[in-house]
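Below is one structure, written out as structure tokens; the observations come after it.
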Amino acid sequence: MAEKSPESRDKIIIRTSIIGIIANILLASFKAAVGLLSHSIAIVLDAVNNLSDALSSVITIVGAKLAHKLPDKQHPLGHGRTEYLSASVISFIVLYAGITSLIESVKKIIRPETADYSAVTLIVVASAVAVKLLLGTYVQKTGESVNSDSLIASGKDALFDAVISASTLFAAVLFLTTGIGVEAYLAAAISVVIIKSGIEMLSETISKIIGERADVELTRDIKQTVSGVEGVSGVYDLFIHDYGPERKLASCHVEIPDTMTADQIDELTRLIQQLVYIKHGVIMEAVGIYSINTKGDEAMQMRDEITRLVMSEEYILQMHGFYLYEKDRHVTFDVIVDFAAPDRKAVHDAIVSKVRAAYPDYSFAVAMDLDISD
0 MAEKSPESRD KIIIRTSIIG IIANILLASF KAAVGLLSHS IAIVLDAVNN LSDALSSVIT
60 IVGAKLAHKL PDKQHPLGHG RTEYLSASVI SFIVLYAGIT SLIESVKKII RPETADYSAV
120 TLIVVASAVA VKLLLGTYVQ KTGESVNSDS LIASGKDALF DAVISASTLF AAVLFLTTGI
180 GVEAYLAAAI SVVIIKSGIE MLSETISKII GERADVELTR DIKQTVSGVE GVSGVYDLFI
240 HDYGPERKLA SCHVEIPDTM TADQIDELTR LIQQLVYIKH GVIMEAVGIY SINTKGDEAM
300 QMRDEITRLV MSEEYILQMH GFYLYEKDRH VTFDVIVDFA APDRKAVHDA IVSKVRAAYP
360 DYSFAVAMDL DISD
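Numbering (numbering that gives the first Met the number 0), first residue to last: 0 to 373.
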């Protein structure tokens with residue numbers, strides 16, 4: 000999978016944002032003039048919204064610059080998460096614009112003013128719809144191509160602006176043809192939609208800052224890559240740590256025969272790290288080892304029996320890492336307990352009790368893993 004270099008990605012984000020700034024300032028100027036002359040609250044609010052979009056683009060540029068600062072002693076893994084912060088700021092701007100628009104719309108519903116539309120007004124608003132549709136689509140698609148949440152948020156905001164302008168145009172045509180004024184009501188309804196959009200965008204970015212489940216497709220692809228390495232029998236406990244759109248670190252456990260030597264394991268783990276980075280752009284910082292018993296049939300038979308016993312328990316998603324220390328009559332393995340379980344510890348304790356009852360002559364160390372990746 001080809002990855003864009005930080006420099007080229009940075010330039011794309013900045014160039015796209017500058018285009019957005021220029022377009023929004025021009026639109027805001029025209030709309031403000033037309034809105035004030037025609038006494039149209041919807042057009043004036045639309046102009047203010049364009050200025051907030053220009054500010055969003057400025058924040059995107061600042062966020063991109065800060066995100067690509069070189070790592071330092073305080074931030075050894077870089078500053079990539081700054082982009083998520085800038086995306087959350089843009090979400091706040093969208094939310095604020097929606098709330099402000101709603102307040103002004105309600106005021107106009109209570110104290111209505113008759114709008115004075117002209118041919119120039121309609122042309123400006125129609126042009127704004129076309130420009131915002133093109134700009135929003137371009138910015139959002141560019142954001143998706145370079146994996147920039149800030150650009151995606153700005154693009155969505157621009158598309159919402161296109162809807163606002165289209166609604167204003169509809170209200171103007173309706174007023175000119177029927178004399179019915181619905182502009183303030185329409186603006187209020189659109190404001191609610193903008194507020195909802197702002198909340199959703201903010202929720203998405205906060206979720207990423209907190210730390211969320213890794214992308215299903217990415218985790219499955221990485222596991223497939225690692226499983227394809229000769230000597231690997233299974234891949235488990237894949238953690239992916241997100242330090243920004245272009246910086247992901249990972250760790251995992253692999254099952255290998257207990258006959259492998261230290262130099263063979265070293266070669267294996269280095270090969271895994273190299274392949275994962277080349278194919279997926281993810282830095283595999285650690286590869287843990289689970290040994291598989293290869294001497295005698297007792298361990299394999301015991302593993303099969305304990306697996307059936309464990310997997311019969313409700314809320315168990317997986318069992319792995321089984322190893323029998325025959326000399327010490329000691330068994331270790333890990334279980335993944337579903338987050339849906341009312342009491343995950345109780346499920347774990349029930350499993351330990353079951354295996355101890357089935358094999359009273361053995362000691363057990365059963366680790367409870369998290370359901371962290373698909």
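Beta carbons are placed, not taken as given, at the ideal position from N, Cα and C, and that holds for glycine.
Starting from the C-beta of residue i, find all residues in its chain whose C-beta is less than 8 Å away, skip the five residues before and the five after it, and write them out in chain order.
i: Val128; result: Ala161, Ser164, Ala165 and Leu168
i: Ile194; result: Leu94, Gly97, Ile98 and Leu101
i: Leu54; result: Ile92
i: Ala339; result: Tyr314
Could you name the residues of the same chain whose beta carbon sits closer than 6 Å to that of residue i, not counting the 5 residues immediately before and after it, in chain order?
i: Ile60; result: Ile13 and Ser16
i: Gly154; result: Gly135, Val138, Gln139 and Gly142
i: Thr268; result: Val286
i: Ser290; result: Asp257 and Tyr322
i: Ile386; result: Here the chain comprises residues numbered 0 to 373, so residue 386 is not present and cannot be evaluated.
i: His252; result: Tyr235, Asp236, Gly287 and Tyr289
Which residues does DSSP pair with residue i in a beta bridge?
i: Gln223; result: Bridge partners of Gln223: none, in fact.
i: Met283; result: Ala249
i: Ile239; result: Ala249
i: His319; result: Asp333
i: Met374; result: What the structure shows of the chain is the stretch from 0 to 373, and residue 374 is not part of that stretch, so it cannot be assessed.
i: Tyr289; result: Glu254
i: Gly180; result: DSSP, once it has assigned bridges, lists no residue as partnering Gly180.
i: Gly77; result: Answer by DSSP bridge pairing: none, since Gly77 is not bridged.
i: Val234; result: Val253
i: Tyr95; result: Answer is none; Tyr95 lacks a bridge partner.
i: Ser362; result: His329
i: Tyr324; result: His329
Nearest to residue i by alpha carbon, out of the options?
i: Ser85; options: Leu150, Glu284, Ile42 and Val138; result: Leu150
i: Met259; options: Met299, Gly230 and Thr204; result: Gly230
i: Ile371; options: Thr136, Arg355, Val123 and Gly210; result: Gly210
i: Ala330; options: Asp342, Val365, Met318 and Glu203; result: One detail in the question is off: residue 330 reads as Val in this sequence, not Ala. Of the listed residues, the one whose Cα sits closest to Val330 is Val365.
i: Ser126; options: Asn23, Val57, Ser190 and Val234; result: Asn23
i: Glu216; options: Ile18, Lys30, Ile58 and Asp373; result: Asp373
i: Gly243; options: Ala340, Ile92 and Thr81; result: Thr81
i: Ile42; options: Ile189, Arg110 and Gly77; result: Ile189
i: Phe238; options: Leu323, Glu254 and Asp214; result: Asp214
i: Phe332; options: Arg343, Pro75 and Val351; result: Val351
i: Tyr322; options: Asn292, Arg355, His347 and Ala349; result: Asn292
i: Tyr324; options: Gln317, Lys344, Arg355 and Phe363; result: Phe363
i: Ala63; options: Ile11, Met367 and Val181; result: Ile11
i: Gln273; options: Leu248, Leu65 and Arg328; result: Leu248
i: Thr120; options: Gly79, Phe29, Lys131 and Asp236; result: Phe29
i: Ala32; options: Ile271, Val192 and Val124; result: Val124
i: Thr218; options: His240, Gly197 and Gly77; result: His240
i: Ile198; options: Val234, Leu76, Lys344 and Ile92; result: Ile92
i: Arg302; options: Leu25, Val354, Gln73 and Asp327; result: Val354
i: Asp342; options: Met367, Ala357 and Met200; result: Met367
i: Ile305; options: Thr204, His319 and Val47; result: His319
i: Ile376; options: Leu133, Ala357 and Ser196; result: Past the boundaries of the shown model lies residue 376; the chain is included only from 0 to 373, so the question cannot be answered.
i: Ala46; options: Tyr361, Lys131 and Tyr83; result: Lys131
i: Val181; options: Lys294, Ser117 and Pro111; result: Pro111
i: Ser202; options: Lys326, Ser87 and Ile18; result: Ser87
Might you give, ordered along the chain, the residues of its own chain that have their beta carbon closer than 7 Å to the beta carbon of residue i, omitting 5 neighbours on each side?
i: Ser8; result: For the sequence presented, residue 8 should be read as Arg rather than Ser. Counting only Cβ-Cβ distances below 7 Å, and skipping sequence neighbours, we find Val145 and Glu245.
i: Lys3; result: Bear in mind that a pLDDT of 46 at Lys3, under 50, signals an unreliable position, so the model cannot answer this.
i: Met0; result: Any reading at Met0 must be qualified, since the residue scores a pLDDT of 41, below 50, and its modelled position is unreliable; the value itself is stated next. Lys278, His279 and Gly280.
i: Val57; result: Ile20
i: Tyr184; result: Ile108
i: Met105; result: Per the sequence presented here, residue 105 reads as Val, with Met not at that position. If we look at Val105 and ignore the five residues flanking it on each side, its Cβ neighbours are Ala187.
i: Pro5; result: Model confidence at Pro5 stands at a pLDDT of 49, short of 50, so the residue's coordinates are unreliable; what they give is reported in the following sentence. Here the set comprises His67 and Glu245.
i: Leu26; result: Asn49, Ala127 and Val130
Is any beta-carbon of chain D found at less than 7 Å from that of residue i?
i: Val228; result: The structure shown contains no chain D, having only a single protein chain.
**Message:** Would the region 168-182 count as touching the region 226-237 if we require 3 or more Cβ pairs under 8 Å?
**Reply:** no
**Item:** Meets three-Cβ-pair contact criterion under 8 Å: the region 64-74 and the region 24-42
**Value:** no
**Message:** Taking contact to mean 3 or more Cβ pairs, one atom from each stretch, closer than 8 Å, check whether the region 279-286 and the region 308-319 are in contact.
**Reply:** no
**Asked** Touch check for the region 98-105 and the region 247-261: three-plus C-beta pairs under 8 Å?
**Response** no
**At least three beta-carbon pairs within less than 8 Å, the region 263-274 to the region 296-304** = Not touching, per the Cβ criterion.
**Request:** Counting only runs of 4+ residues fully inside the region 118-171, write out the alpha helix (DSSP H) ranges in chain order.
**Result:** 118-144
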